Ligand code: CMX
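See the structure below:
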């Protein structure tokens with residue numbers, strides 16, 4: 028598999044509405060819109076940063092991974108996402124190498140992407156996501 032580029036950096040926030048002005052008005056980034064990703068129990072906002080994006084993540088329920096993360100660590104960088112051409116192939120290659128995965132099947136992410144997470148214990152403490160655009 029090949030991680031082609033940074034797709035986005037995920038940042039956990041308590042409130043999208045409260046965090047949005049920093050990125051849009053202070054940092055002057057292009058705001059792309061918000062979307063609910065029900066399967067991941069988050070609402071997200073995207074900002075364009077060159078070829079990559081900043082993804083703000085707000086929990087939509089108390090048992091959301093983002094709610095748990097904020098409870099433990101406070102707001103901050105939550106994950107790094109890399110783009111791949113073929114997610115199923117990437118998952119198979121990682122499994123073959125014995126890399127611990129959270130998702131062994133592609134799941135639905137924002138923007139109609141297919142996503143899968145690697146476990147932070149397998150990636151030096153950095154929660155890592157792979158995503159394939161336009162798959163779902
Ligand atoms: N980055 C780095 N480490 C993390 C982490 C993160 N974002 N979230 C949890 N961890 C670490 C914890 O610190 C903990 O480490 P220790 O055992 O050393 O304390 C360990 O992982 C287990 O964490 P936990 O708090 O007990 O939480 P869970 O095991 O219940 O869940 C995880 C952790 C990573 C498996 C879960 O958050 C998950 O499945 N994440 C993937 C899905 C996700 O994050 N979705 C939201 C974003 C979706 C999107 O971008 O669309």
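Residue numbers (the numbering used here): 28 to 163. Yeah, the Cβ is synthetic: ideal placement off N, Cα and C, and Gly gets one too. In this text, all values refer to a predicted model and were calculated from it rather than measured experimentally.
- Straight-line measurement puts the Cα of residue 93 at about 25 Å from the Cα of residue 121.
- A residue is called buried when at least 16 other Cβ atoms come within 10 angstroms of its Cβ; residue 75 does not meet this threshold and is exposed.
- Taking the CA atoms as reference points, residue 79 sits about 6 Å from residue 33.
- The count of Cβ pairs closer than 8 Å, one atom from the stretch 152-159 and one from the stretch 100-109, reaches three, so the stretches are in contact.
- The ligand CMX has no heavy atom closer than 7 Å to the beta-carbon of residue 128.
- Partner residues in the beta bridge of residue 79, as assigned by DSSP, are 76.
- Looking at the DSSP output, residue 107 bridges to 36 and 155.
- Going by C-alpha positions, residue 97 is about 21 Å away from residue 143.
- The Cβ atoms of residue 66 and residue 135 sit closer than 8 Å to each other.
- Secondary structure note for residue 116: its alpha helix (DSSP H) is the uninterrupted segment 114-123.
- The C-beta distance from residue 131 to residue 160 rounds to 21 Å, too long to fall under 8 Å, and the pair is not in contact.
- Taking 8 Å as the cut-off, the Cβ atoms of residue 56 and residue 117 do not count as close.
- For residue 64, the uninterrupted beta strand (DSSP E) run begins and ends at 57-64, by DSSP.
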